[in-house]
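Take a look at the structure set out below.
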Amino acid sequence: MGSPYGAGLPARRRPLPAPRPAPRTGAGPCGRDRIPGRRTGGLGGIGHRDNRIVAGGDLLNNSHNYDDRPIFLSVPVTRNLVSMNPNLHGFGGGPGRRTRAENREYRLRSLLDAAIRTVARHDIHGATVERICAEAGASRGLIAHYFDGKEALLLAALEEWYRQSIAIKSAIAADSGSTAESRLRQVAHSSFMPPTYRWEMAAAWQAFTNASRYHPEFVRPIRRTSRRVTAIVRELFEGAALEHGIRIDARKCALGLYILDDGLWNSLATGKDRLTRKSAQSLCDRYIDGCLGHPTP
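All the letters of the sequence shown, read from the start, carry residue numbers 126 to 422 under our numbering.
Have a look at this one:
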């Protein structure tokens, strides 16, 4: 009778190979060891060391500089980052087999998604590697394969979070088929609609912004986002003013909308004001009306 290890061979003659532990060189400050490796490139935000992600470079395409990306709003990520990437449509049960590159991207995005959900539930300090692994259904070895430590994983999740959100905002802002005012309102509204807004996104955003006071690595993407949001929204305000034949201080209007958006996300994340997403959109509309001189009820 055959054994489960091979036809006609007794189990003792075909032992399972022992797993090879990942190399480690000293304990890191966030509950896991740092993994040695050779830096192989990367510019700006996120790069990689061999196959592991570290600070510096484009997350999935190292040929670009993150500083050149049109970072837009300091809020948002979808619960499933994979669903926001058109290159990944068909993943998760679709026909056909994924290529090696698609598998790598899918696993990587699954880890980033799990990191965001874990931060939402347990805050930054409570988002341990063990909890992220459990959320992703992955092993520590898989995280060590892609990332140079917990800090690199969380920073990568934050950077990708912003980048995915900006893809939505930028598409709205670039739609030449609608007026600048209409695009301005759509951009503001999209901050409080799926796929941009979900409870865990608001909770994770709150955790990252609070932690930025003590973790300087989170400050850079947040500040960069602030600069980009005011620049893009300012252009939309300028276009809307031109459409109505009025003069406004577009820079101050854009900054005010950004600050309002920030505050509304804070209220939604904490629940302290019992604010709803629909009410948040309405408040943004009233602010835009005031900037453009429209009468409000």
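Just so it is clear, CB atoms sit at the ideal spot from N, CA and C, and this is done for glycine as well.
Looking only at Asn-228, Arg-345 and Leu-417, the smallest Cα-Cα distance to Ile-373 is reached by Leu-417. In this structure, Leu-279 is the residue among Leu-389, Leu-279 and Asp-398 with its C-alpha nearest to the C-alpha of Pro-346. Restricting attention to Thr-253, Leu-361 and Tyr-412, the CA atom closest to the CA of Leu-382 is found in Tyr-412.
Assignment of Phe-317 by DSSP, reduced to helix, strand and coil, places it in the coil class.
With distances taken between CA atoms, Ala-282 lies nearest to Ser-235 out of Gly-262, Met-318 and Ser-235. Taking a C-beta distance under 7 angstroms as the contact criterion, Leu-361 and Ala-305 qualify as a contact pair. For Ile-249 and Gly-364, the gap between their C-alpha atoms comes out near 40 angstroms. A residue is called buried when at least 16 other Cβ atoms come within 10 angstroms of its Cβ; Ile-257 meets this threshold and is buried. Counting only runs that start and end inside the region 326 to 375, the alpha helix (DSSP H) elements of at least 4 residues fall at 344 to 369. At a Cβ-Cβ threshold of 7 angstroms, Ser-392 and Asp-386 do not count as neighbours. Membership of His-270 in the alpha helix (DSSP H) is indicated by the continuous run 265 to 271.
The C-beta distance from Arg-308 to Ile-293 rounds to 12 angstroms, too long to fall under 8 angstroms, and the pair is not in contact.
In this chain, the alpha helix (DSSP H) harbouring Arg-256 covers 254 to 261. Val-344 is classed as exposed because its beta carbon has fewer than 16 other beta carbons within 10 Å across all chains shown. Here the alpha carbon of Ala-375 sits roughly 39 angstroms from the alpha carbon of Leu-233. Take Ala-252, set aside five residues on each side of it, and the residues of its chain with a beta-carbon closer than 6 angstroms to its own are Thr-243 and Val-244, in chain order. Of the residues Arg-265, Val-312, Arg-352 and Ala-329, the one whose Cα lies closest to the Cα of Asp-238 is Ala-329. Of Ala-379, Ala-240 and Leu-400, the smallest CA-CA separation from Phe-317 is found for Leu-400. Here the alpha carbon of Gly-415 sits roughly 39 angstroms from the alpha carbon of His-247.
Residue Thr-334 holds the alpha-carbon nearest to the alpha-carbon of Ser-351 among Thr-334, Arg-323 and His-419. In this structure, the CA atom of Leu-389 is about 6 angstroms from the CA atom of Ala-405.
CA-to-CA, the gap between Ala-313 and Trp-286 works out to about 18 angstroms.
The shortest CA-to-CA distance from Val-358 to any of Arg-349, Cys-378, Ile-371 and Pro-341 is the one to Cys-378. Each residue's CA atom was taken as its position, placing Met-326 and Ile-241 some 7 angstroms apart. With respect to the C-alpha of Trp-324, the residue from Gly-370, Ser-295, Asp-300 and Gly-396 having the closest C-alpha is Gly-396.
For Ala-299, the three-state secondary structure derived from DSSP is coil. CA-to-CA, the gap between Gly-266 and Glu-260 works out to about 15 angstroms. DSSP places Asp-410 in the helix class (H, G or I) of the three-state scheme. Secondary structure of Arg-288 (DSSP, three-state): helix.
For Thr-243, the three-state secondary structure derived from DSSP is helix.
The DSSP-derived three-state label of Gly-415 is helix.
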